[in-house]
Amino acid sequence: MKTNLYRLIMVILCVAGIFFTGQSVQAQELTVSIPPEATITGQYFTLGDIARFNGDDNERIDRLRQIRLGHTPQPGQSYVLAGDILMARMRAARVDLSGITWQLPPQLKVTALAQSISGQELVKQAKQYLEACLTGEVMITSVGQPRDILVPPGEIAFTMALPYGIRYNAPTNVSIGVQVAGRSFSTAMLRFDVKKYQQVAIASRVLNANEPITAESIIFERRDIGRLTPGYFTKLDKILGLPVKRQLAPGIVITETMLGQIVLIRRGQPVTITAKNGGIEVMVSGIALQDGSKGEFIRVKNSNSKKVIRGQVIDDTTVRANI
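If you read the sequence shown in the UniProt record's numbering, its first letter stands for residue 1, the second for the next number, and so on.
Right under this line is the structure:
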């Protein structure tokens, strides 16, 4: 009796073992679950970016993961896809979707990940760039405050340029390009008021017409050069000895248009007249009939032929004639 009972128990256990073993080796079905909201990055997103997969067929899951579902919205922005649109896009990928249990929301909200670059940071980067381009005493002030910008996640780099150069009498534009992970993302244009200060030559007293500039008649003062008429001087040796064309009041900034040239040759002065004819240079004596500064054309008379010609003042004794 006991032996028969033992045999019955063993048969039952064997049958149960076969049943449960068969259940454990049965292939698990593939389930794809998509949540109602997802955050993504990159240029586009795939099923693998938003879904959870439950199943043993890794090869098939890998193919499903690569199904492209759409372009990523701008950083920090979102859009909504209906569930039927999702399925339509997956079917369009021509991947086998049979035998899959889908857990889909009525709609999917897709939001692009983002990081913020503040307007203050843009101003800081552009200002540092300007400071590296400038020398001397300068003051740089931002004109307005740029808006913060949102960019994708990744390492940020900036590229700068001055499309119109540096201006001291008008706003200076700085073009700042934003790169994320080595790719160009956006460009902003920032404006700055750039002031540069230099020591410039100023009349220290009344200067009369034709009076030559001396070290005592000039002082140097700090001025905003953006407010000055072009042609100012920052070095005394550039103007020392030059005559003023008209009377100048004390405190006036000296410019090129106010000054004449030093007279090198005086009327009645003996000069050497030079001329080239082909490869031969001829030199004869002459008399200056006009005062002349370097580079000016004056009338001179050939001492031998008495002929009057025009020539260019080369130095304090030489006039070059064109023949």
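Here a beta-carbon is modelled for each residue, glycine too, at the ideal position from N, C-alpha and C.
If we cut at 9 Å on Cβ distances, does Tyr232 have a partner in chain B?
-> Given the protein chain composition of this structure (a single chain), no chain B is represented.
Three-state secondary structure assigned by DSSP to Arg91 = What you label residue 91 is simply residue 91 of the sequence shown in a count that begins at 1. Note: Arg91 maps to helix in three-state DSSP.
Keeping to the same chain, check which residues put their C-beta closer than 8 Å to that of Tyr6; ignore five residues upstream and five downstream.
-> As a position in the sequence shown, residue 6 is number 6, starting the count at 1. With a pLDDT of 44 at Tyr6, under the threshold of 50, the modelled position of that residue is not reliable, and no figure is offered here.
Three-way DSSP call (helix, strand, coil) for Glu211 in this model | Taking the sequence shown and counting its residues from 1, one reaches residue 211 at position 211. DSSP places Glu211 in coil when its eight states are reduced to three.
Which residue comes first and which comes last in the beta strand (DSSP E) that contains Gln128?
-> Your numbering for residue 128 matches position 128 in the sequence shown. Premise fails: Gln128 lies in the alpha helix (DSSP H), 119-133, not in any beta strand (DSSP E).
When burial is assigned at 16 or more other CB atoms within 10 Å of the CB, is Asp237 buried or exposed?
-> Counting from one through the sequence shown, the residue named residue 237 turns up at place 237. Burial call: exposed.
How about Ala209 and Val244: are their beta carbons less than 9 Å apart?
-> Within the sequence shown, numbered from 1, the residue matching residue 209 stands at position 209. Within the sequence shown, numbered from 1, the residue matching residue 244 stands at position 244. Result yes, Cβ atoms of Ala209 and Val244 sit closer than 9 Å.
Pick from Asp316, Ile40, Asn302, Arg183 that is closest to Val110, judged by C-alpha positions = For this step, residue 110 is matched to residue 110 along the sequence shown. Checked all of Asp316, Ile40, Asn302, Arg183; the closest Cα to Val110 is Ile40.
Is Glu234 buried or exposed, if buried means 16 or more other CB atoms sit within 10 Å of its CB?
-> Position 234 of the sequence shown, counted from the first residue, corresponds to residue 234. The residue you asked about is not Glu; residue 234 is Thr in the sequence shown. Flag for Thr234 reads exposed.
Could you tell me the distance, in whole angstroms, from the CA atom of Thr272 to the CA atom of Val319?
-> For the purposes of this step, residue 272 is taken as the residue at position 272 of the sequence shown. For the purposes of this step, residue 319 is taken as the residue at position 319 of the sequence shown. Each residue's alpha carbon lies about 6 Å from the other.
My understanding is that Val151 touches Phe185, with C-beta atoms under 8 Å, so please give their C-beta distance in whole angstroms.
-> On the sequence shown, position 151 is the one that residue 151 refers to. On the sequence shown, position 185 is the one that residue 185 refers to. Contact flag correct, Cβ pair sits at about 5 Å.
If you draw a straight line from the C-alpha of Ile100 to the C-alpha of Asn54, how long is it?
-> For the purposes of this step, residue 100 is taken as the residue at position 100 of the sequence shown. For the purposes of this step, residue 54 is taken as the residue at position 54 of the sequence shown. When rounded, the distance between both Cα atoms is 10 Å.
Roughly how many whole angstroms lie between the Cα atoms of Ile309 and Leu207?
-> Counting from 1 along the sequence shown, the entry for residue 309 is found at position 309. Counting from 1 along the sequence shown, the entry for residue 207 is found at position 207. Spanning the two alpha carbons is a distance of roughly 36 Å.
Which residues mark the beginning and the end of the alpha helix (DSSP H) in which Asp49 is found?
-> Counting from 1 along the sequence shown, the entry for residue 49 is found at position 49. It spans 47-50 - the alpha helix (DSSP H) in which Asp49 sits, taken as one unbroken run.
Tell me whether Lys306 sits in a helix, a strand or coil according to DSSP, three-state version.
-> If you number the sequence shown from 1, residue 306 lands on position 306. Lys306: coil per DSSP, three-state reduction.
Bridge partner(s) assigned by DSSP for Val151 = Counting from one through the sequence shown, the residue named residue 151 turns up at place 151. Gln115.
Indicate whether the contact test is met: 3 or more Cβ pairs, each with one atom in the stretch 82-96 and one in the stretch 157-176, closer than 8 Å.
-> no
Gly292, DSSP secondary structure in three states = For the purposes of this step, residue 292 is taken as residue 292 along the sequence shown, with counting starting at 1. Note: Gly292 maps to strand in three-state DSSP.
Ile61, enclosing alpha helix (DSSP H) - first and last residue | Taking the first residue of the sequence shown as position 1, residue 61 is located at position 61. Note, Ile61: alpha helix (DSSP H), 58-65.
Should Pro146 be labelled buried (16 or more other beta-carbon atoms within 10 Å of its own) or exposed?
-> What you label residue 146 is simply residue 146 of the sequence shown in a count that begins at 1. That one is buried.
Beta-bridge partners of Phe233, as assigned by DSSP = Taking the first residue of the sequence shown as position 1, residue 233 is located at position 233. Looking at the DSSP assignment, Phe233 forms no beta bridge with any residue, so it has no partner.
Own chain partners of Gly22 with C-beta closer than 8 Å, once the 5 adjacent residues on each side are dropped = As a working mapping, residue 22 is identified with position 22 in the sequence shown. With a pLDDT of 41 at Gly22, under the threshold of 50, the predicted position of this residue should be treated as unreliable, though the coordinate-derived value follows. The answer is none, since no qualifying residue turns up.
Please report the residue range of the beta strand (DSSP E) in which Tyr168 lies.
-> Looking up residue 168 in the sequence shown gives position 168. No beta strand (DSSP E) contains Tyr168, which DSSP labels as neither H nor E.
Expressed to the nearest angstrom, what Euclidean distance is found between the alpha-carbon atoms of Asp316 and Val300?
-> The residue given as residue 316 occupies position 316 in the sequence shown. The residue given as residue 300 occupies position 300 in the sequence shown. When rounded, the distance between both Cα atoms is 14 Å.
Would you identify the three-state DSSP class for Ile252, choosing helix, strand or coil?
-> Residue 252 sits at position 252 when you count from the first residue of the sequence shown. Three-state result, Ile252: coil.
Starting from Val223, follow the beta strand (DSSP E) in both directions and report where the run begins and ends.
-> Within the sequence shown, residue 223 is the residue found at index 223, counting from 1. Residue identity differs from the one stated: residue 223 is Arg in this sequence, not Val. First-last of the beta strand (DSSP E) with Arg223: 218-224.
Apart from the five residues just before and just after Leu242, which ones in its own chain have a Cβ nearer than 8 Å to its Cβ?
-> Numbered from 1 along the sequence shown, position 242 holds the residue referred to as residue 242. The answer, listed in chain order, is Pro212, Ile213, Leu259, Gly260, Gln261, Ile262.
Apply the 10 Å Cβ neighbour rule to Thr141 and answer buried if 16 or more other Cβ atoms are within range, or exposed otherwise.
-> Position 141 of the sequence shown, counted from the first residue, corresponds to residue 141. Thr141 comes out exposed.
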